[in-house]
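First comes the structure, then the notes that go with it.
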Amino acid sequence: MLDNKLLVCRTFDKYDDTHRVIELALPVEVCECSAYRVAERELDPLAYAVLELMNIDIVSDNEISKTLDISTDLVKLIKQSILFTHSYISNDYKTLSNEGKKYLLDGQSSEYQTEKVFGNMFVSIPDGEVMPYFLEGTTSNRYFPREICKLITVNDDRDIVKDHVKWLPKFAKAYKLFAKIYKHSDTEGTNELEFANVDFDDVPFEEVNETEDQIITLADAEAKNESLPSSFQLVKLLHTEKRQTYIKTKIVISRENPESFAVISPFEKNITNWYTKRLAWLRENNVKIIDEIGKEKTVKEFLEEITMEFYIQFPELQAENFDYWLSITYPNLKTLKCQKYLMDSFKSLHNINTLYNNSQVEATAVVIKTQRLIETILNNFIERIPYKSAILTKCKLFATKNSNKVKEIFSYFGIIDCVVLRYEKWRESLRNLSRLNSKYGSSVADKYFYLTIDAYFSEYSPFKTILEKNAVSFIEKIDYLNRIRNKYGAHSDDLMEKDVSKEEIEHFNKIATEVINELINTLFEEEQFHANC
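If you read the sequence shown in the working numbering, its first letter stands for residue 1, the second for the next number, and so on.
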């Protein structure tokens, strides 16, 4: 049986000047199984949006074209595809068929196909957890470091998965999670981080939040009211010899927050923070790792050494007092219930400002990190909306039945001019918010459009409180920050890259601090109000 230690394969010291990337080898047991193939998403997001619009009586090619900001020719092609491939609309292209209504109601005609496929699932040896991935066909060296493939061993009666009845619920649960992840992973290639413009999920060193249900036995499954027949039919463990090997992946630690990390999934179309959470568990449970020179240490010690290397290389990160900065700049943050979701983002913002002040990064990095923090805070506002889909439905109706209604709603709060109203940019925000995988939209403008519409129809909402106090000033500040982000950040449309001037970044930080404090203080006042009720 393989040792339960992780192996360090190599460190990419020069991979990126703001991240440390380390390739790890994870010891796993390979279990052959059969499973019902996961159904592909039947409609792409654009076709799904067309179907949704037709469901609320927006059926003409012209209306759909305006709402989604696409050509009428494309609308016709999408309708033809929906009809001839899936029969979800009527032959006259004006109504949904019963199958189409059922598809919208269920979200998918079937999660799994009737076809069975054979492949492999993997059990992590250090913690005994089944990875949420099904590798169809036979295993190859594709995911295994060449230099340690020779360590593959054949079953010697010391394998982990012996009692199939006991293990089946765990495999079924992992397969269900795999199916969910697979359907929501639009990336076709590998999950390599694109450090320039992709945020990664991280788990702070200070806290491991284990909230996922653990189903270990049949009794556990029954206690959870699991549908045993359907769960058991999903995956069947084959009575073949188990093999043990290593799967390679990468761990990423950012200079912006050296005390956090992320683990890249080792598989394609498997974008999830599951692997990050499991490494956090390994860290807290004293699992061992062998570094590049063969020295054995705990995962916790290994990660702490990397953090310390960052602090030695950039001592200014440790010299600055984060807690003091936080209490002075954002005094009400630590009392918020949602602060645990925001604290890492604030730590990253503090560190990136520290690096900028010490000439380690350009001001553009500060702009991007600040805007991402504001987006995250606005997500917490959106999360408090009880009926999100109802607001989107109203917006879709405005798009065709009464396009002046959006202007009317904004003018109700005194807002006559803003980014989303110019050239009816709100239609683009509506399109972004309507995407299947876009819970909160893709920009600050999308988010404040959504929150403003909700504020108009809601008797009370935290964002409505902000708008009723000083809507014009607040939205002007948001638009200014957005304009600077678009001018200098990843969305810049200039022919040459340029950095923010010292005067401009100072003004940007001043406005950003005002906006962030207004958002935080509003949430603080709301929580205080409910606490006193």
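For glycine and all other residues, C-beta sits at the position ideal for the given N, C-alpha and C.
By the criterion of at least three beta-carbon pairs nearer than 8 Å, the segment 388-395 is not in contact with the segment 407-420. Annotation for Leu373: Ser345 and Leu349 place their beta carbon closer than 6 Å to its own, counting only its chain and skipping 5 residues before and after. Per DSSP, Pro331 lies in no beta strand (DSSP E) segment and is marked neither H nor E. In the structure shown, Gly128 falls within a coil segment according to DSSP collapsed to helix, strand and coil. The criterion of a C-beta distance shorter than 8 Å is not satisfied by Glu136 and Val123. With fewer than 16 other CB atoms across the displayed protein chains lying within 10 angstroms of its CB, Thr138 is exposed. Taken atom to atom, the span from the alpha-carbon of Ile160 to that of Thr465 is near 56 Å. In this chain, Tyr36 is not harboured by any alpha helix (DSSP H); it is covered by the beta strand (DSSP E) spanning His19 to Val38.
Classified as exposed, Gly294 has fewer than 16 neighbouring CB atoms from the shown chains inside 10 Å of its CB. In this structure, the beta-carbon distance from Pro126 to Val287 falls below 8 Å. Here the alpha carbons of Ser327 and Asn517 stand approximately 12 Å from one another. For Lys76 and Asp92, the gap between their C-alpha atoms comes out near 12 Å. For Cys418, the secondary structure class from DSSP, reduced to helix, strand or coil, is coil. The C-beta distance from Val366 to Ile352 rounds to 6 Å, short enough to meet the 8 Å contact threshold. Per DSSP, Pro386 is not a residue of any alpha helix (DSSP H), being assigned neither H nor E. Shown here for Arg283: same chain residues with a beta carbon closer than 7 Å to its own, the five before and five after excluded, namely Val299, Lys300 and Leu303 in chain order. Taking the Cα of Ala172 as reference, the smallest distance to any Cα among Lys94, Leu237, Ile520 and Asn358 is reached at Leu237.
Under the DSSP assignment, Pro169 falls in the alpha helix (DSSP H) whose first and last residues are His164 to Lys183.
Judged by DSSP in its simplified three-state form, Asn257 adopts strand.
Lys79 is a Cβ neighbour of Ile89, given a cutoff of 8 Å. Nearest C-alpha to Leu24 among Ser265, Pro258, Leu96 and Phe457: Ser265. A direct Cα-Cα distance of roughly 16 Å separates Glu259 from Leu355.
Under DSSP, Val117 forms a beta bridge with Ala35.
In this structure the segment 356-364 does not lie against the segment 273-280, because fewer than three pairs of beta carbons, one per stretch, are closer than 8 Å.
DSSP places Val235 in the strand class (E or B) of the three-state scheme. Spatial neighbours of Lys337 in its own chain (CB-CB distance under 7 Å, excluding positions within 5 residues in sequence) are listed in chain order as Glu527.
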